[in-house]
Amino acid sequence: MTSRLSPAVTALLDDPETIKILATVGADGAPHAVAKQSLHLGEDGCLHYLELLESSTTNKNMVRSLWFDGTVAITLAHRDGRSVQIKGRPIKVHITGELFQRHYRALRLSDPEADLASVWVIEPVAVTDQNARVRREAEAVRHPHFLHLDRLARAQ
Amino acid sequence: MVCVSRIPRRDEATFAEVLGAHPDFPRLIAIKIDVQRRGLHYTRRAMAAVDPTRHQIYMWEGVAYPHSMLLRDGTTILAYPQPRDRNPYDVDFIDGAFVLIDAGQVVETVELWPKPLYYDKKTSSGLPMKEVVSARPQRLDIFASSFCHFAHVDDQGCQFCPLPHHHSQLREAYDLPTRLKPEDVKECIAEALKEPGRFTNIHITGGSVIKGREMLDAELDYYIKLLRAIGEVFATPRFPSQLLASPFSEKQLIRLREETGLGSYTSNIEVLDEQRFNWICPGKAHHIGYREWKDRLVRAVDIFGRGNVNTGIVGGVETAAPHGFPSEAEALRATLDEAEDLAQKGVTTVHTVWAPQKGSKFSELRSPSLDYFIRLASGLQEIRARHGLSVDFDDYRRCGNHPDSDLARLQ
Numbered sequence: 000m001t002s003r004l005s006p007a008v009t010a011l012l013d014d015p016e017t018i019k020i021l022a023t024v025g026a027d028g029a030p031h032a033v034a035k036q037s038l039h040l041g042e043d044g045c046l047h048y049l050e051l052l053e054s055s056t057t058n059k060n061m062v063r064s065l066w067f068d069g070t071v072a073i074t075l076a077h078r079d080g081r082s083v084q085i086k087g088r089p090i091k092v093h094i095t096g097e098l099f100q101r102h103y104r105a106l107r108l109s110d111p112e113a114d115l116a117s118v119w120v121i122e123p124v125a126v127t128d129q130n131a132r133v134r135r136e137a138e139a140v141r142h143p144h145f146l147h148l149d150r151l152a153r154a155q
Numbered sequence: 000m001v002c003v004s005r006i007p008r009r010d011e012a013t014f015a016e017v018l019g020a021h022p023d024f025p026r027l028i029a030i031k032i033d034v035q036r037r038g039l040h041y042t043r044r045a046m047a048a049v050d051p052t053r054h055q056i057y058m059w060e061g062v063a064y065p066h067s068m069l070l071r072d073g074t075t076i077l078a079y080p081q082p083r084d085r086n087p088y089d090v091d092f093i094d095g096a097f098v099l100i101d102a103g104q105v106v107e108t109v110e111l112w113p114k115p116l117y118y119d120k121k122t123s124s125g126l127p128m129k130e131v132v133s134a135r136p137q138r139l140d141i142f143a144s145s146f147c148h149f150a151h152v153d154d155q156g157c158q159f160c161p162l163p164h165h166h167s168q169l170r171e172a173y174d175l176p177t178r179l180k181p182e183d184v185k186e187c188i189a190e191a192l193k194e195p196g197r198f199t200n201i202h203i204t205g206g207s208v209i210k211g212r213e214m215l216d217a218e219l220d221y222y223i224k225l226l227r228a229i230g231e232v233f234a235t236p237r238f239p240s241q242l243l244a245s246p247f248s249e250k251q252l253i254r255l256r257e258e259t260g261l262g263s264y265t266s267n268i269e270v271l272d273e274q275r276f277n278w279i280c281p282g283k284a285h286h287i288g289y290r291e292w293k294d295r296l297v298r299a300v301d302i303f304g305r306g307n308v309n310t311g312i313v314g315g316v317e318t319a320a321p322h323g324f325p326s327e328a329e330a331l332r333a334t335l336d337e338a339e340d341l342a343q344k345g346v347t348t349v350h351t352v353w354a355p356q357k358g359s360k361f362s363e364l365r366s367p368s369l370d371y372f373i374r375l376a377s378g379l380q381e382i383r384a385r386h387g388l389s390v391d392f393d394d395y396r397r398c399g400n401h402p403d404s405d406l407a408r409l410q
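So the protein lines, in turn, are chains A and B. The first sequence runs 0 to 155 under numbering that gives the first Met the number 0. The second sequence runs 0 to 410 under numbering that gives the first Met the number 0.
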């Protein structure tokens, strides 16, 4: 399947120096944001990540999102200033099968202490460029009232 | 997507109507229940798409079909082909994927259970490994003995149970011994574990054997031998495992715990009401009794620990005609009250979905409504959560046949 993400976002996702944060929501509405460096682009054009703990809060929140059609947010941030937020919908989880076992073998090679609970599939719904300059320029165009007057004052 | 033949619905509320009354219940678990309740029918196109090199094939009543399915949330659906008059879901193969179809509409994409690598191999004694130890998506299954004293000696088998009949057929077909040899089982498990990431649990069960110095000693002795042989495969003294067996005495349970690496213990009471238990499970009632069964479960908690002991019920069989509860409301109230009593003492209850099977005495009866099963699954999970009990060893992944423990994924 063709990627639903732009080449720029895909490049950011692929960069090992990118920080990847997955934010989910609990039953009580509490946000839960954690680093998930395993986030990557799957062959199906969706985002995939490896969940190592069956009982983790993220895993439970992901199950809840899948069951009740909820969304999650992924932030990709690089020290060079690139930053995007991807809103997505968990649509599938692999707990067995070829893809699961392939990740399991690779994970165990890189970390012999690790186990794998699941491989989550997140369908991207919307991507927002979070780069500070881009966000500032967009706000200036769409909300010209949102600024302090001293920024517009003539230099004395 | 293409629709297949439209099947008239039974005289009951539609799936959407039932689910609409339970907005907090996951749709995928409701689908699982409904498929289990009504059964399946594989279309010719679906059967043609089944790949025996990748999918598990099972035999039931002389018919070969894909063993079972997975939904996209990892939920297992263990369901059997049913005749058209039971209004089964269709499984078709459309646009490169297997799909579940109800009344001509695609309701979900499904995957067939993947076949493990050891399935094509044979034991040193020449038995097909897949018939000695079968596989679920993440579990190794050992149906150790096709003999059940209640069914085969007393003719007092549980009235819903087709297993002695079914497993006798399988054993004849594959020339398997009535009771599996521990060495054969050990060899299969060692082979299965060569596939990394494939299994998380070992489940052992078989029919009841009451003989012995103390009643059930013969059954216990066999399981101890079997578990010790399996234990030789592992580097740790204890390993994730579940024994579903008769209700052993305290002395027997201590032996089971101390002499093996078993992780958890289950003894199925089947029906949580004494009067219905006596009718539905006459052999169990005669040899053990309802109250003693419950007491033995509670005593097992002291030995195996909270969260490691449960009992299974055949959800819905308590409504069986003519002596079951006259209404679903009464059946539900009585069942949950008893589950609450057990939970207070550390025993958690899981349910299967009763779908009357050929080969059982109840084969011509009808299972209760989808609404009933949704309330039952929710009720059992609420009780479990309220008492802080876990069901890790019998959950969506370690087992996959209990809608209530599917819900424990959020606990």
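Think of the CB as a built atom: it goes at the ideal place given N, C-alpha and C, for glycine as much as any other residue. Since this is a predicted model, take the numbers as computed values, not measurements.
Residues of the same chain with a CB within less than 6 Å of the CB of residue 34/B, apart from the 5 flanking positions on each side, are 76, 78, 88 in chain order. Under the 10 Å beta carbon count, residue 185/B is surrounded by 16 or more other beta carbons and is classified as buried. When C-beta distances to chain B are compared with 8 Å, the residues of the stretch 75 to 99 of chain A below that value are 90, 91, 92, 93, 94, 95, 96, 97, 99, in chain order. For residue 214/B, no pairing in a beta bridge is given by DSSP. In this structure, 365/B is the residue among 395/B, 372/B, 365/B, 392/B with its C-alpha nearest to the C-alpha of residue 84/B. Annotated three-state conformation of residue 311/B is strand, per DSSP.
When rounded, the separation of the alpha-carbon atoms in residue 256/B and residue 302/B is 7 Å. Residue 404/B: member of the alpha helix (DSSP H) spanning 402 to 406, first to last residue. Contact annotation for residue 396/B against chain A: 94 [CB-CB distance below 7 Å, chain order].
Below the 8 Å Cβ cutoff, chain B contributes 72, 408, 409 as neighbours of residue 62/A, in chain order. The C-beta distance from residue 243/B to residue 277/B rounds to 22 Å, too long to fall under 8 Å, and the pair is not in contact. A direct Cα-Cα distance of roughly 21 Å separates residue 397/B from residue 36/B. Listed as beta-bridge partners of residue 76/A by DSSP are 18/A, 82/A. Along the stretch 335 to 366 of chain B, there is no position whose C-beta sits under 7 Å from a C-beta of chain A. Within chain A, no C-beta atom comes nearer than 7 Å to that of residue 251/B; the closest sits roughly 32 Å away. The stretch 224 to 287 of chain B contains, as complete alpha helix (DSSP H) runs of 4+ residues, the segments 249 to 258, 273 to 279, 281 to 286 (chain order).
In the DSSP secondary-structure assignment, residue 200/B is bridged to 138/B. Beta bridge pairing from DSSP links residue 58/B with 63/B.
In the pairwise beta carbon analysis, the stretch 113 to 120 of chain B is classified as touching the stretch 48 to 60 of chain B: at least three pairs are separated by under 8 Å. Residue 34/A has its alpha-carbon roughly 22 Å from the corresponding atom of residue 104/A. Collapsing the DSSP output to three states places residue 301/B in a helix. In the pairwise beta carbon analysis, the stretch 330 to 344 of chain B is classified as touching the stretch 271 to 290 of chain B: at least three pairs are separated by under 8 Å. Proximity of chain A to residue 197/B at the Cβ level (cut-off 8 Å) is accounted for by 95, 100, in chain order. In the three-state reduction of the DSSP assignment, residue 143/B falls in the coil class. Under the three-state reduction of DSSP, residue 127/A is assigned to strand. In the DSSP assignment, residue 34/A falls outside any alpha helix (DSSP H) and lies within the beta strand (DSSP E) extending over 30 to 34. For residue 155/A, no alpha helix (DSSP H) run applies, since DSSP gives it neither H nor E.
Buried is the label assigned to residue 146/B, since at least 16 other Cβ atoms lie within 10 Å of its Cβ. Check the Cα spacing between residue 7/A and each of 130/A, 61/A, 95/A: the tightest is with 130/A.
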